[in-house]
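Structure first, then comments.
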Amino acid sequence: MKLRIQNGRLIDPSQGIDTVTDLFIDNQKIVAIGHAPEGFDEAEILDASGLWVLPGLVDLAVSLREPGQTQKGSIATEGRAAVAGGVTTLICPPDTRPIVDTPAVAALIQDKADDAGMANVFPLGALTQGLEGAQLSNMVALTDAGCVALSNHRHPMASTKVLARALEYAATHDLLVVFHPDESSLSEGGCAHEGLVSTMHVLAGIPEEAETIALMRDLLLVKKTGVRAHFARLSCAKSVEMIANAKASGLDVTADVAVHNLLLNDQVLGRFDGQYHVLPPLRSDEDRLTLIEGIKAGVISAICSDHQPHEKMAKIAPFAATEPGMANVEILLPLAMQLMDEGDLDFSTVLTCLTSGPAGCFGLEAGSLSVGSFADFILFDSTARWVWSYETRKTKGHNSPYLEEEFVGRVMATYISGQRVYQVV
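As structure tokens, this is what we get:
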């Protein structure tokens, strides 16, 4: 099917485009921008007047909860939530039940995602069997089965020696490894940033050293082994400095940050609301502002939702006893745009960190509207005011402090390979 998107404001930072122009799609791919290619006729016309035409978002952290925890979410429900938020490509962690440590589980997730017909789903494979940190997984087989990288998620390794061997193996086969830097002996039992707020409210603290000590070790091993590395969910100012120094020294490393760590600090924990219980924790405002500076400087390449849906009961408990995580994939773009409202980031930078930036971290063919790429795009109303409510949400998760809040800016329609998979009714 041929499709012509006309009169929309096309914004694609990967090409330096920001102008009102037409987009031409044929056979699932973008074939031209601005002027119709020769022979392009009998096309369906979609008038996007007043809307922004943007590349589909690429989210590096969306927990689908299936297989194993369907009381929290499923591939179908969280896939619908993703496309409602304009996410056309997502990466899901390996901590399903069973763990993504065999090709069969990786294939199951992708087959169910294909059946759901929603976002393009790429699983992470487990770095070790069962995420237990002891025996290496069959990394090559997992990669052949569609896993885009390997990770032990937030599960500790049995020893630094085991981690070194895993990285040596991954480097030999040019596999990407995703690190969640965390020294578990320092973070275990903690639920909040270690500082004045946690002390005042008698919450067990997680010191920034839990992240930075692990990060230093990991960077030293990356340098020793030459493995390609991505550092996920940075939360500390010192971590930004360390990644910047590593990149300057020539290490092949990238990094991302969760959107809530850019918008919130540990001051909100005074409400004792379990909706703010996340890992890594919300840290000081100095940390938050330094993370933003890391994005401005290009040290951090991607902003993700770190979407972790939970059932209602998971958050009804004293703060420390609640399960960590927020379910925010549906509102990733309007949340990220709040950084513009504060004057911290411009829209081009925000959009890059939601599209071509994360795609580049994982070598994905996504996040761009260039000619020849698959036609994954969204239509966005930058002025629309709307309330994200319990009744209208697509995610199965109940856990977000932003539910029932009004937002400015809404994804009106999402297209994958030129086919509409979501539209506001």
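Our numbering numbers the first residue of the sequence shown as 343 and each following residue consecutively. Where a beta carbon is used, it is the ideal one built from N, C-alpha and C, also for glycine. Predicted, not measured: the structure shown is a model, and the values here were computed from it.
Do residue i and residue j have their C-beta atoms closer together than 8 Å?
i    : j    : result
H572 : C703 : yes
V750 : P676 : yes
L406 : E384 : no
D443 : Q471 : yes
H543 : K657 : no
L450 : L469 : no
G398 : A708 : yes
Q761 : M754 : no
I372 : S742 : no
L466 : P498 : no
V763 : M460 : yes
L505 : L545 : no
T431 : L693 : no
A644 : D598 : yes
A513 : T567 : yes
P409 : S690 : no
D364 : R351 : no
Using only CA atoms, which one of the options lies nearest to residue i?
i    : options                : result
C434 : L365, Q452, H535       : Q452
M682 : K738, A659, I637, S710 : I637
A726 : K371, L393, T567       : L393
A458 : S698, Q477, S690, R422 : R422
G415 : K654, E746, G699, S643 : K654
Y511 : A483, E551, L606       : A483
A500 : A678, E474, A701, S643 : E474
T734 : N480, G531, G427, I387 : G427
Q348 : D389, L561, I359       : D389
D456 : I417, V490, S540, A424 : I417
V425 : D718, S710, E748, S724 : D718
L745 : S698, A701, M668       : M668
L631 : H602, T438, G612       : H602
If residue i sits next to residue j, beta carbons under 8 Å apart, how far is it from one beta carbon to the other, in whole angstroms?
i    : j    : result
L576 : L604 : Wrong, their Cβ atoms sit about 10 Å apart, outside the cutoff.
V569 : V519 : 5 Å
V429 : L674 : 7 Å
L557 : S581 : 6 Å
H649 : V404 : 5 Å
E672 : K736 : 6 Å
L611 : V539 : 6 Å
With a threshold of 8 Å between beta-carbons, can residue i be considered close to chain B, or not?
i    : result
L593 : In the structure shown, chain B does not exist; there is a single protein chain.
Check your understanding: Are there three or more Cβ pairs, one per stretch, closer than 8 Å when the segment 623-641 is compared with the segment 523-538?
Key -> Contact between the segment 623-641 and the segment 523-538 is present, with at least three C-beta pairs closer than 8 Å.
**Study point:** Entirely enclosed alpha helix (DSSP H) segments - the segment 500-531, minimum 4 residues
**Key:** Scanning the segment 500-531 for uninterrupted alpha helix (DSSP H) segments of 4 residues or longer gives 502-514, 526-529, listed from N- to C-terminal end.
**Study point:** Whole runs of the alpha helix (DSSP H) within the segment 588-666, excluding any shorter than 4 residues
**Key:** Fully enclosed alpha helix (DSSP H) runs of 4 or longer: 601-605, 627-638.
Check your understanding: For the 8 Å Cβ check, are there 3 or more pairs between the segment 369-377 and the segment 609-620?
Key -> Here the segment 369-377 makes no contact with the segment 609-620; the two share fewer than three CB pairs at distances below 8 Å.
Exercise for review: Can you check the segment 376-402 for any beta strand (DSSP E) of at least 3 residues that lies completely inside it and give the ranges in chain order?
Suggested key: Correct list: 386-389, 394-397, 399-401.
Exercise for review: Entirely within the segment 414-494 and at least 4 residues each: give me those alpha helix (DSSP H) ranges in chain order.
Suggested key: List check, alpha helix (DSSP H) in window: 417-426, 445-458, 481-486.
Check your understanding: Along the chain, which unbroken stretches of the beta strand (DSSP E) at least 3 residues long are found entirely within the segment 697-732?
Key -> The segment 697-732 contains these whole beta strand (DSSP E) runs: 719-730.
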